[in-house]
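Mapping to this note's numbering: the sequence shown position 478 is 478, numbers consecutive.
Okay, so here's the structure we're looking at.
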Amino acid sequence: MAVCARLCGVGPARGCRQRGAAREQRRGAADSEPDTDTDPEEAAAGPAGRAPLSLLELPPELLVQIFGSLPGTDLPSLARVCTTFRRILRTDTIWRRRCREEYGVCENLRKLEITGVSCRDVYAKLLHRYRHILGLWQPDIGPYGGLLNVVVDGLFIIGWMYLPPHDPHVDDPMRFKPLFRIHLMERKCATVECMYGHKGPHNGHIQIVKKDEFSTKCNQTDHHRMSGGRQEEFRTWLREEWGRTLEDIFHEHMQELILMKFIYTSQYDNCLTYRRIYLPPSSPEDLIQPGLFKGTYGSHGLEIVMLSFHGKKAKGTKITGDPNIPAGQQTVEIDLAHPLQLPDIENLRDFSELSRIVLEVQEQVRREEQEREQQQEEQEHSQQAASQPASPLGGEGAEGEETTAGAEGKTQDKASASQPFVLPMGVISRNEDYPRTCRICFYGTGLIAGHGFTSPERTPGVFVLFDDDRFGFIWLELKSFSLYSRIKVPFQNAQAPSREAFDEMLKNIQSLAT
Numbered sequence: 001m002a003v004c005a006r007l008c009g010v011g012p013a014r015g016c017r018q019r020g021a022a023r024e025q026r027r028g029a030a031d032s033e034p035d036t037d038t039d040p041e042e043a044a045a046g047p048a049g050r051a052p053l054s055l056l057e058l059p060p061e062l063l064v065q066i067f068g069s070l071p072g073t074d075l076p077s078l079a080r081v082c083t084t085f086r087r088i089l090r091t092d093t094i095w096r097r098r099c100r101e102e103y104g105v106c107e108n109l110r111k112l113e114i115t116g117v118s119c120r121d122v123y124a125k126l127l128h129r130y131r132h133i134l135g136l137w138q139p140d141i142g143p144y145g146g147l148l149n150v151v152v153d154g155l156f157i158i159g160w161m162y163l164p165p166h167d168p169h170v171d172d173p174m175r176f177k178p179l180f181r182i183h184l185m186e187r188k189c190a191t192v193e194c195m196y197g198h199k200g201p202h203n204g205h206i207q208i209v210k211k212d213e214f215s216t217k218c219n220q221t222d223h224h225r226m227s228g229g230r231q232e233e234f235r236t237w238l239r240e241e242w243g244r245t246l247e248d249i250f251h252e253h254m255q256e257l258i259l260m261k262f263i264y265t266s267q268y269d270n271c272l273t274y275r276r277i278y279l280p281p282s283s284p285e286d287l288i289q290p291g292l293f294k295g296t297y298g299s300h301g302l303e304i305v306m307l308s309f310h311g312k313k314a315k316g317t318k319i320t321g322d323p324n325i326p327a328g329q330q331t332v333e334i335d336l337a338h339p340l341q342l343p344d345i346e347n348l349r350d351f352s353e354l355s356r357i358v359l360e361v362q363e364q365v366r367r368e369e370q371e372r373e374q375q376q377e378e379q380e381h382s383q384q385a386a387s388q389p390a391s392p393l394g395g396e397g398a399e400g401e402e403t404t405a406g407a408e409g410k411t412q413d414k415a416s417a418s419q420p421f422v423l424p425m426g427v428i429s430r431n432e433d434y435p436r437t438c439r440i441c442f443y444g445t446g447l448i449a450g451h452g453f454t455s456p457e458r459t460p461g462v463f464v465l466f467d468d469d470r471f472g473f474i475w476l477e478l479k480s481f482s483l484y485s486r487i488k489v490p491f492q493n494a495q496a497p498s499r500e501a502f503d504e505m506l507k508n509i510q511s512l513a514t
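Structure (structure tokens):
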């Protein structure tokens, strides 16, 4: 503010007045001398052909342009500098520009004048006030989780719940439905409305707990009820969630899972707590672009998984989950240091042959881990015995690094080529329309558990990369196959501020799931 005060020439500091007086003396001396070469531009610059010395001497329309280019968060401080700035900052053109550039509001904001709401009101009471809830969130719905995307949509802020396509159509686009919306009905304050149910928007409430957490509450849950009672509500939910009726589902275990999910999720009545999630950061070394994928999970239907890369490992973290493996858990882990050479197409049909290859790599990985642990123990012992820290490993280590680098180069070459692929006999797939060629395969492990996440264990499997947007995982112990397809939605306000922030987010959602 002190800087702004000096710019406008109203600074209270004694130094400001002294410097101003000195400048006036210099200008008086200059004016007394004859000036034969007067530049026309100088003459138009201001009084006595001089450039303006303070912002207050600039035309108001130019100040509007200057102030409109500043971040909206800085404008309230600028308004406190002087009455002239405060008056100019009432100009709606400034706030219309801030709404457009900071929040992408491209609506004709002039229509707001009919309702008596200014662009300044929209910015201050709607967009700026609720800026912390924009982005991607995971609701706390027990093991089921979810994916909420809060966006500025015209003159509304809307929370869209994203749902996978109906099982088993993993390549279909995502579905979405609104859970709440916020808008400015009058100049007083923004209105929060619950969109859950089938009776239209009704009164709701949002509480921002902290920067990365907020909660919603419906104040009129009777709008969620249907005249036909719970049976009608269940049948409607089943059509929306699964795209079918209960009579179409013949598998008894699947019926139980569906009914359990309805009973569990409907008790919340859209009164939920949400925690922020970030999209995974990418690097040129990544096998494919990380991001969100839809995957098939047997009787549980389609679920949302986040694929991220961590050096020689890739992780698939559940954003939505089920009673066996809840949301937040790491469903698959891919060992990028151990690519698999699949047999020819005829031998690939033999499940025992594929199992033999995978188990051999599993044993190799186990031996390598034991060797690393043994080397680490020996190094610690040598460091304790020596008076100085142990020197780095010699030629063997350098040779090992070269071998690793060479393996990475070979992996990239293999990933660019394609080879025939078919599922072995006896492996169950919800979606028979999987690709018949793949780029490369890696050894990996998948997390399996009993109902209620009991007795969880990691079992060996095969990660299959089909193309930039699809991959699969063969669960050896379950003799099942999951197909994953990329979610192609341009999510905004979802990038992690840093790699550390993303890793911390993963750790947090996994600890909550546990």
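A virtual CB, placed ideally from N, CA and C, is assigned to each residue, including glycine.
1) Measure the alpha-carbon distance for E377 versus L126 and round it to whole angstroms.
2) With burial defined as no fewer than 16 other Cβ atoms inside 10 Å of the residue's Cβ, what is the status of N203: buried or exposed?
3) Three or more C-beta pairs under 8 Å: does that hold for the region 165 to 175 against the region 294 to 311?
4) Cβ of L279 within 8 Å of Cβ of Q495?
5) Would you kindly work out how many angstroms separate the C-alpha atoms of P290 and Y162, rounded to a whole number?
6) May I have the straight-line CA-CA distance separating M185 from S118, to the nearest angstrom?
7) Please determine, among I158, L354, R439, D153, the residue with the shortest C-alpha to C-alpha distance to R100.
8) Could you tell me which residues DSSP puts in a beta bridge with D467?
9) Could you pull the DSSP bridge partners for S594 from this structure?
10) In the DSSP assignment, find the unbroken beta strand (DSSP E) run with P178 in it and report its ends.
11) Give the DSSP-derived three-state secondary structure of Q220 in the structure shown.
12) State the Cα-Cα distance for the pair T83 and V122, rounded to the nearest angstrom.
13) Would you list the residues sitting across from W95 in a DSSP beta bridge?
14) Expressed to the nearest angstrom, what Euclidean distance is found between the alpha-carbon atoms of P389 and S282?
15) Tell me which residues share the same chain as R521 and place their Cβ nearer than 7 Å to its Cβ, disregarding the 5 neighbours each side in the sequence.
16) Do you know offhand how far R276's Cα is from A79's?
17) Are the Cβ atoms of Y274 and L148 separated by less than 8 Å?
18) Going by beta carbon distance, what residues of the same chain come within less than 6 Å of F466, once the five residues before and after it are set aside?
19) To the nearest angstrom, report how far apart P420 and I448 are at their CA atoms.
20) Give the DSSP-derived three-state secondary structure of I345 in the structure shown.
21) Taking the beta carbon of M425 as the centre, do at least 16 other beta carbons fall within 10 Å, making it buried, or is it exposed?
22) Check G72 in the structure and name its three-state DSSP category.
23) From Q255, Q362, P490, F453, pick the residue whose C-alpha is nearest to that of A337; which is it?
24) To test your reading of the DSSP string, which unbroken alpha helix (DSSP H) runs of 4 or more residues are found completely within the region 414 to 446?
25) Quick check on this structure: which residue in G72, S485, P71, L58 has the alpha carbon closest to the alpha carbon of K294?
26) Mind reading off the beta-carbon distance from S429 to F481? Whole number of angstroms is fine, and I expect it under 8 Å.
27) Look at the alpha carbon of D322 and the alpha carbon of G142, and state the distance between them as a whole number of angstroms.
28) Residues in its own chain within less than 6 Å of E233 by CB, not counting five upstream and five downstream?
29) Please list, in chain order, all residues of the same chain as F351 whose beta carbon is under 8 Å from its beta carbon, the five residues on each side excluded.
The short version:
1) 58 Å
2) exposed
3) yes
4) yes
5) 19 Å
6) 11 Å
7) D153
8) R470
9) In the structure as shown, the chain starts at 1 and stops at 514, and residue 594 therefore has no counterpart that could be examined.
10) 175 to 183
11) coil
12) 23 Å
13) Partner(s): none; W95 has no beta bridge.
14) With a pLDDT of only 48 at P389, under the threshold of 50, the placement of this residue in the model should not be trusted, and no figure is reported.
15) Past the edges of the chain, shown from 1 to 514, lies residue 521, and the structure says nothing about it.
16) 33 Å
17) yes
18) P435, C438
19) 28 Å
20) helix
21) exposed
22) helix
23) Q362
24) none
25) S485
26) 4 Å
27) 9 Å
28) M226
29) P424, M425, G426, V427, K479
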